[in-house]
Amino acid sequence: MLHTIVGSWIGIFILITGGASGLGAAFAREWATHGAFIFIADLDDRRGEELVAELRRSSGSPHHHYQHCDVTDWASQVALFKAALAIFWLLKNPAPQRDDEAEAGTRATDDGESAEDKQKRIAKWHKQRDRHILLMGSIGGIMPLTGSPQYTASKHAVTALFRCLRVTCFWRGIRVNMLLPCFVDTPMVPNGVMFVLAGGGKATAADVVDAGTRFVAVKDVCGRAAVVGPRMKVEDLGVEAGQSARIVEIDPGSTNTGRGGVWPGSQAAWECYAHDYENCETFVYRYTRVLAGYTVLRGWVGWWRDVFALMFRRASA
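In terms of full-length UniProt numbering, the sequence shown has 307 at position 307, counting the first letter as 1, and numbering is strictly consecutive.
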């Protein structure tokens, strides 16, 4: 189903910072399968080079690259974008970078090309361009995570960046969307944090990648934000039932989840309207109650299951 939505991404150039492991690597692997050219930037050179080699083998394309980059260092970021643009220009040539270069690039063919043909070429180039920024936020970007003030502050900064860019980038033809996943079991999350989260609702990397891929693929989606958490079905019971909703846990590994499956309406991604303070705060209140209900639903069985996985599965990794 996702391949039907995405189609072919051959010729699309994607730059992923922090792409050598975790969610960044998961995005890279998924998007490479659709034909996209992946440029990885990370501090971990070994993992970055290994991932690029893997992408080249699996896709059969040599157009995947890696460069060392420290995103906290301005000069390092400038060098990254210069390198990426150099490769992108070679791959997309002779498409013009700027309007003045469009004219310069057609002077040699003035005698054999009419003004109408030139207009068609320029219109086709601009129509094909779909520039997109996918910001990776966190549930901590719209609600406080007690005990992690620095992390919460940094993710609130990403949300603020999204709220600003979604208004201004649109005029430049750049789409901006944002993902706010709940905690995902990746190497980035310390064992201590995973222990605290035992029994609670966590997102899967597959669902985060799915949501991000849909944001990138659907070209008329702009300025939207989605929280990605555990797969569940929320049933509205109404006031007469004595409670507002019932939460049903959905097996993340089931192939029958989602609309049209065994549990129609189950989902992991929820649009949170992060650009709107009033709706966002209402969403945070409701979603927090849903997550609390999900934790109660899993109970001690879910807690012991997560602790067992933390102790044995991670120890053997």
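Here a beta-carbon is modelled for each residue, glycine too, at the ideal position from N, C-alpha and C.
Remember, predicted model here, so these are calculated numbers, not experimental data.
Residue range 131 to 136 is occupied by the beta strand (DSSP E) that includes Arg131.
Comparing C-alpha distances from Phe215 to each of Leu135, Leu15, Arg29 shows the shortest one belongs to Leu135. Ranked by Cα distance from Ala198, the options Ala32, Val184, Ala86 are led by Val184. Rounded to the nearest angstrom, the Cβ distance from Ile12 to Ile40 is 15 Å, too far for a contact under 8 Å. Going by C-alpha positions, Val52 is about 6 Å away from His64. Rounded to the nearest angstrom, the gap between the Cα atoms of Val209 and Gly229 is 12 Å.
CA-CA distance, Asp45 to His68, rounds to 6 Å.
Classified as exposed, Pro149 has fewer than 16 neighbouring CB atoms from the shown chains inside 10 Å of its CB.
Going by beta carbons, Gly223 and Arg166 fall inside the 8 Å limit. For Trp270, the closest alpha carbon among the candidates Phe162, Met232, Gly299, Ala292 is that of Met232. Taken atom to atom, the span from the alpha-carbon of Trp171 to that of Met311 is near 50 Å. Counting every other CB atom within 10 Å of its CB across the protein chains shown gives Gly137 a total of 16 or more, marking it as buried. In the three-state reduction of the DSSP assignment, Tyr294 falls in the helix class, which pools H, G and I. For the options Ser21, Thr282, Lys219, Ala36, the alpha carbon positioned closest to that of Arg175 is the one of Lys219. Closest by C-alpha distance to Phe283, out of Lys202, Trp304, Arg313, Leu180, is Leu180. Secondary structure at Gly19: coil, using DSSP grouped into helix, strand and coil. CA-to-CA, the gap between Asp42 and Asp306 works out to about 30 Å. With respect to Gly141, Thr168 sits apart: the two C-beta atoms are not nearer than 8 Å. DSSP, reduced to helix, strand and coil, places His63 outside both helices and strands of the structure shown, so it counts as coil.
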